[in-house]
Amino acid sequence: MREIFIRSIIPGDEEALFRIYSDMELCLSSGARPVKNMSDAKDKMYNFIRAGDTFAVVHTETMKVIGVITVRQDVHRFNRNAYMLGYVLHRDWWGKGIMAQAVEYMMKYLFKNMGADVVSAAHFVGNNQSKRVLEKCGFVYEGTMRKDYLRFDGAVLDSCIYSVTKEEWLAKNS
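Convert by adding 66 to the 1-based position in the sequence shown; the result is the number in our numbering.
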């Protein structure tokens, strides 16, 4: 049985989003803007719904939203078939392989259904948990983009960039 599934963010997810995004350590390590209260969480939920690019990671057994995964055009590449993933996971689920499952599900969808040529992801220098997720999923380290990201607290951070091409993914998943 699958431990998780991915679905759209829907009204009612604000409590789960509050649990995730009120964790300052998680927000600092991911760059996600924290929420201070349920009103902020509800605003974030509706922003996700409007944008249509952020999905809930749901634990199958409990049916609880335990994380989110975002898919966007990769703005660093001049290829409309290049996508970039971003993700956050509630700390209770760290180190259990959950986010690797979510990333693998999303890569399968992008390569098989969306015509992706390449899927990329990034983490801040020092975020070794995210690094392990990407390596486990077969991403290849491309390099470090210096002074890449202006975080919500004003810090300017370096990002480690990874990618998987369609050919690499097919070779691993055929």
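Here a beta-carbon is modelled for each residue, glycine too, at the ideal position from N, C-alpha and C.
Under the DSSP definition of a beta bridge, Thr-231 partners with Val-184.
By the neighbour-count criterion, in which a residue is buried when 16 or more other Cβ atoms sit within 10 angstroms of its Cβ, Gln-195 is exposed.
Counting along the chain, Val-169 sits inside the alpha helix (DSSP H) bounded by residues 164 to 179.
For Ile-76, the three-state secondary structure derived from DSSP is coil. For Val-191, there is no enclosing beta strand (DSSP E), as DSSP gives it neither H nor E. Across the structure, Lys-110 and Ile-135 are spaced so that their CA atoms are roughly 14 Å apart. Within the same chain, and ignoring the five residues on either side of Arg-217 in sequence, the residues whose Cβ sits closer than 7 Å to its Cβ are Gly-97, Leu-223.
One thing to note: Ala-122 has its Cβ within 8 Å of the Cβ of Ile-75. Inclusion of Phe-177 and Lys-232 in the CB contact set at 8 Å is warranted, their separation being smaller than that value. Asp-140 counts as buried, since at least 16 other C-beta atoms from the protein chains shown sit within 10 angstroms of its C-beta. The beta carbon of Ile-115 sits closer than 8 Å to the beta carbons of Ser-74, Ile-75, Ile-76, Pro-77 from its chain, once the five residues preceding and following it are set aside; these are given in chain order. Membership of Ala-122 in any alpha helix (DSSP H) is not indicated; the residue belongs instead to the beta strand (DSSP E) covering 120 to 125.
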